[in-house]
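S.K.: Going line by line, the protein sequences match chains A and B.
Sequential numbering of the first sequence, starting at 22, is according to our numbering.
Sequential numbering of the second sequence, starting at 614, is according to our numbering.
Below: one structure in structure tokens.
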Amino acid sequence: MRKKLALIPLGLLAALCCCPILFLLAGMLMDKGELTSCLGAVIRGTDGFAAWRLLPRYPTLENVIELLLDSPQFFVMFWNAVRITAGVLAGQLLVGVPAAWGLARFRFPGKRALYTLYIILMMMPFQVRMLSDYLVLDRLHLLDSHLGIILPAAFSTFPVFIMYRFFGGIPEAVIESAKLDGAGPWQIFLFIGVPLGAGGIVSALVLGFLEYWNLIEQPLTFLKDKTLWPLSLYLPNIGLERAGVAFASSVAALVPAVLVFLLGQDYLEQGIAAAAVKE
Amino acid sequence: MAKRTGRHKRNRERRQWEGLVFLLPSLTGVTVFILLPFADVVRRSFTSVLGAFTGLKNYQTVLHNSAFLRAAINTGKFTAVCIPLLLGISLLAAVLLQGQKKLGSALKSAYLLPMAIPVASVVLLWKVLFMRNGLLNGFLAWFGAEPVDWMNSGSAFYVLVFSYLWKNLGYDVILWLAGLAGIPEEIYEAARVDGAGEWRIFVSITMPNLLPSLYTIAVLSFLNSFKAFREAYLVAGDYPHESIYLMQHLFNNWFRDLALDKMAAAAVLTAAVILALVLILQRAWERE
């Protein structure tokens, strides 16, 4: 009985978390007339208030079609977001996976200090790094290019930390027995470490995707050329007078993130919890 | 036999340095892209924009700058309101969730979902909800309330608090659940056998056992609070209502004005505050 009662607040909280998605979906499916009648007060700033309907009266895909056919900018921005996200994640894999392995499985002088350094760096918000990033990108002539966004992010120490936790959990006995069979350090890394630590790698990727698909500060600061902007910066620029397109493109930005979320939810949870559990 | 142990020892010594080889690419990048430029920022914090050594002058300017003080106070206030609220609500949700077998994982997904919703997509909803003629005022008008211009008054602060809570609830629930899972079931059983009630069990067993997790979760929540700037910026722009003018707005505006000397000093100050927090967190981890 008590447990049933607990479902009421829990359910309300869950509904609150989900309703923005329902709002965006409903808006995407409304036709122009309905959007204008619902949001007219907000769009024109006249008297009265905006109103909303949970379900559109005449569901239509006209907004989606307008977005796909008449908004060439949208594709550019979507592609920019894909490029940046994919570039960052690839870089993090290439650099971060071996680094996490090195930190987790080897003992060498200074390791403790390096680990602490990596944790400190992963905690620094963008604002602390803003000026230093600018200085280095300026010197390397990487301002106003996607590479200038990708490179500093690829060396982020956060994925190293997540994967470190997972690699550290591989039993020593497995590695010892591989060594007895004559496997070298690279073989052990590639054929034992990577497969057994795959959960950690995927966790880091899922967390990374949600982070970099949402990138706001870095492109805003370092990309003056607006044709290089990712979707996350483009969306807020669509005025409410084009509400239909705004809704359709918001949903378009949402779909990849929600897909990754649904497919990788277990890994996402493990990745979050990795910070909370004891070493 | 003796020969074998000898070789074993040599192996172990060699193995130690191989770890560094694995780390090398990452370490090189971190040095080039983070450490060296930050050292340059530290140097610049003691010089004028033109490069003349000025001692602590930049720090004095920054600490007396009214925009900096406003931003620092707001950021502090935002943190002080958000974090206890988030920790409380998420702990409550996690404890209630723990007893749910069937619906537990679906509810957990629902709480995590906001993490996946891009800020840019939510901005549209924020605008429609919180504008003067928006949905929220329309709803409140039913009860005869006067319309409030949410984003252009002191209430903008609470809109931002709400959006932070909404976004981070699931993250913290997961962290609490991980902490709760670490408490051995036997302690609970023993308490139940002794006839302790649910509340008593929560206060004398759950709470003390969660204390180590509390540090970790509080620091992680603090660090995530820096990301609330995204919502504030996308909804309200460069110069939002003064109640949500945060450190991040200040950095942005100084960057645009090329006030690199002030930025350098402020970056060093912010880094120092965060560094102190991280070291506290590490202590907590080691104490576990």
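Note that CB positions come from ideal geometry on N, CA and C, so glycine has one too.
1) Whole angstroms are fine: how far does the CA of tyrosine 801/B sit from the CA of serine 639/B?
2) Would you say lysine 247/A faces chain B, with C-beta separation under 8 Å as the test?
3) Does the region 652 to 663 of chain B come close enough to the region 843 to 858 of chain B to have 3 or more Cβ pairs within less than 8 Å?
4) Quick check on glutamine 741/B - is its C-beta less than 8 Å from some C-beta in chain A?
5) 8 Å is my cut-off, CB to CB: does serine 153/A come that close to chain B?
6) What residue from Arg128/A, Arg263/A, Phe230/A and Gln148/A has the CA that sits closest to phenylalanine 842/B's CA?
7) Are the region 106 to 116 of chain A and the region 221 to 234 of chain A touching by the rule of at least three beta carbon pairs closer than 8 Å?
8) Over the uninterrupted alpha helix (DSSP H) stretch that includes arginine 805/B, give me the two end residues.
9) Using a C-beta to C-beta distance shorter than 8 Å, which residues of chain B count as neighbours of asparagine 235/A?
10) Are the Cβ atoms of serine 856/B and phenylalanine 770/B separated by less than 8 Å?
11) Please determine if the region 191 to 200 of chain A and the region 689 to 700 of chain B are in contact, where contact requires at least 3 C-beta pairs separated by less than 8 Å.
12) Return the CA-CA distance between lysine 616/B and glutamate 197/A, expressed in angstroms with no decimal places.
13) Taking Cβ positions only, does tryptophan 100/A come closer than 8 Å to chain B?
14) Please work out which residues of its chain come closer than 7 Å, Cβ to Cβ, to isoleucine 105/A, disregarding the five sequence neighbours upstream and downstream, and give them in chain order.
15) In the region 860 to 878 of chain B, which residues sit with their C-beta less than 8 Å from some C-beta in chain A, listed in chain order?
16) Inspect the beta-carbon positions of alanine 729/B and phenylalanine 282/A and report whether they are closer than 8 Å.
17) Roughly how many angstroms separate the alpha carbons of valine 85/A and leucine 749/B, rounded to a whole number?
18) Quick check on this structure: which residue in Asn678/B, Trp739/B, Ile818/B and Leu894/B has the alpha carbon closest to the alpha carbon of glutamate 799/B?
19) Quick check on the burial criterion: 16 or more other C-beta atoms within 10 angstroms. Buried or exposed for methionine 820/B?
20) Measuring alpha carbon to alpha carbon, tell me which residue in Ser153/A, Ala62/A, Pro77/A and Gly265/A is nearest alanine 571/B.
21) Taking only three categories from DSSP, how would you classify phenylalanine 95/A?
22) Do methionine 49/A and alanine 269/A have their C-beta atoms within less than 8 Å of each other?
23) Answer yes or no: does any C-beta atom of chain A fall closer than 8 Å to that of threonine 618/B?
24) Report the neighbours of glutamate 631/B on chain A: residues whose CB is nearer than 7 Å to its CB, in chain order.
25) Measure the C-alpha to C-alpha separation of proline 119/A and alanine 219/A and round it to an integer number of angstroms.
26) Less than 8 Å between the beta carbons of proline 731/B and serine 253/A, yes or no?
27) Tell me which residues of the region 650 to 677 of chain B have at least one Cβ-Cβ distance to chain A shorter than 7 Å, keeping chain order.
28) At 7 Å on the CB atoms, spell out the chain A contacts of alanine 723/B, in chain order.
29) Less than 6 Å between C-beta atoms, sequence neighbours within five positions excluded: which residues of the same chain meet that for alanine 72/A?
30) What are the start and end residues of the alpha helix (DSSP H) that includes aspartate 159/A?
31) To the nearest angstrom, report how far apart glycine 757/B and threonine 674/B are at their CA atoms.
32) Taking the alpha-carbon of alanine 295/A as reference, which of Ser224/A, Ala267/A, Phe129/A and Asn258/A has the nearest alpha-carbon?
33) Using the Cα positions of methionine 744/B and glycine 751/B, report the straight-line distance between them to the nearest angstrom.
34) Do you know how far the Cα of valine 735/B is from the Cα of serine 768/B?
35) Where DSSP assigns a beta bridge to phenylalanine 666/B, which residues make up the other side?
36) Here's the rule: buried if 16 or more other CB atoms are within 10 angstroms of the residue's CB, otherwise exposed. What is aspartate 911/B?
M.R.: Put simply:
1) So the two alpha carbons sit approximately 45 Å from each other.
2) The beta-carbon of lysine 247/A is placed no less than 8 Å from the nearest beta-carbon of chain B.
3) No: the two stretches stay apart, fewer than three of their Cβ pairs being nearer than 8 Å.
4) Note that residue 741/B corresponds to valine in the displayed sequence, not to glutamine. So, interface residue.
5) Yes, its Cβ sits closer than 8 Å to a Cβ of chain B.
6) Looking from the CA of phenylalanine 842/B, the closest CA among Arg128/A, Arg263/A, Phe230/A and Gln148/A belongs to Gln148/A.
7) Counting Cβ pairs under 8 Å, three or more are found: they touch.
8) Run containing arginine 805/B: 798 to 806, per the alpha helix (DSSP H) assignment.
9) Ordered by position in chain B, the residues that pass the 8 Å Cβ test against asparagine 235/A are Pro731, Val732, Ala733 and Arg843.
10) A contact, by the Cβ cut-off of 8 Å.
11) The answer is no - the region 689 to 700 of chain B does not touch the region 191 to 200 of chain A, with fewer than three Cβ pairs under 8 Å.
12) Low confidence applies to lysine 616/B: its pLDDT is 43, below 50, so where it sits in the model is not reliable enough to give any reading.
13) For tryptophan 100/A, the answer is no, since every Cβ of chain B falls outside 8 Å of its Cβ.
14) So the qualifying residues of the chain are His167, Ile170, Ile171, Tyr233, Leu236 and Pro251.
15) Look at the region 860 to 878 of chain B: the residues with a C-beta under 8 Å from a C-beta of chain A are Met860, Gln861, Phe864, Asn865, Phe868, Leu873, Met876 and Ala877.
16) Cβ atoms of alanine 729/B and phenylalanine 282/A: closer than 8 Å.
17) Their Cα atoms are separated by approximately 27 Å.
18) With distances taken between Cα atoms, glutamate 799/B lies closest to Ile818/B.
19) By the neighbour-count rule (16 or more Cβ atoms within 10 Å), methionine 820/B is not buried but exposed.
20) In the structure displayed, chain B extends from 614 to 901; residue 571/B sits before or after that span and is not available.
21) If DSSP states are grouped into helix, strand and coil, phenylalanine 95/A belongs with the helices.
22) Yes. Within cutoff.
23) Residue placement at threonine 618/B cannot be trusted, given a pLDDT of 46 that sits under 50; what the coordinates show is reported in the next sentence. Cβ-Cβ to chain A under 8 Å: no for threonine 618/B.
24) Ordered by position in chain A, the residues that pass the 7 Å Cβ test against glutamate 631/B are Phe127 and Pro206.
25) About 13 Å.
26) Closer than 8 Å, so yes.
27) Hits within the stretch, in order: Pro650, Phe651, Asp653 and Val654.
28) Ala35, Cys38 and Cys39, listed in chain order.
29) Excluding the 5 residues flanking it on each side, alanine 72/A has same chain C-beta neighbours closer than 6 Å at Cys59, in chain order.
30) That run of the alpha helix (DSSP H) goes 147 to 160.
31) Counting only the Cα atoms, threonine 674/B lies some 48 Å from glycine 757/B.
32) Ranked by Cα distance from alanine 295/A, the first of Ser224/A, Ala267/A, Phe129/A and Asn258/A is Ser224/A.
33) Rounded to whole angstroms, the separation of the alpha carbons of glycine 751/B and methionine 744/B is 10 Å.
34) Straight across, the Cα-Cα distance linking serine 768/B with valine 735/B is about 18 Å.
35) Its beta-bridge partners are Thr660/B.
36) With chain B represented from 614 up to 901, any question about residue 911/B goes unanswered, as that position is not in the structure.
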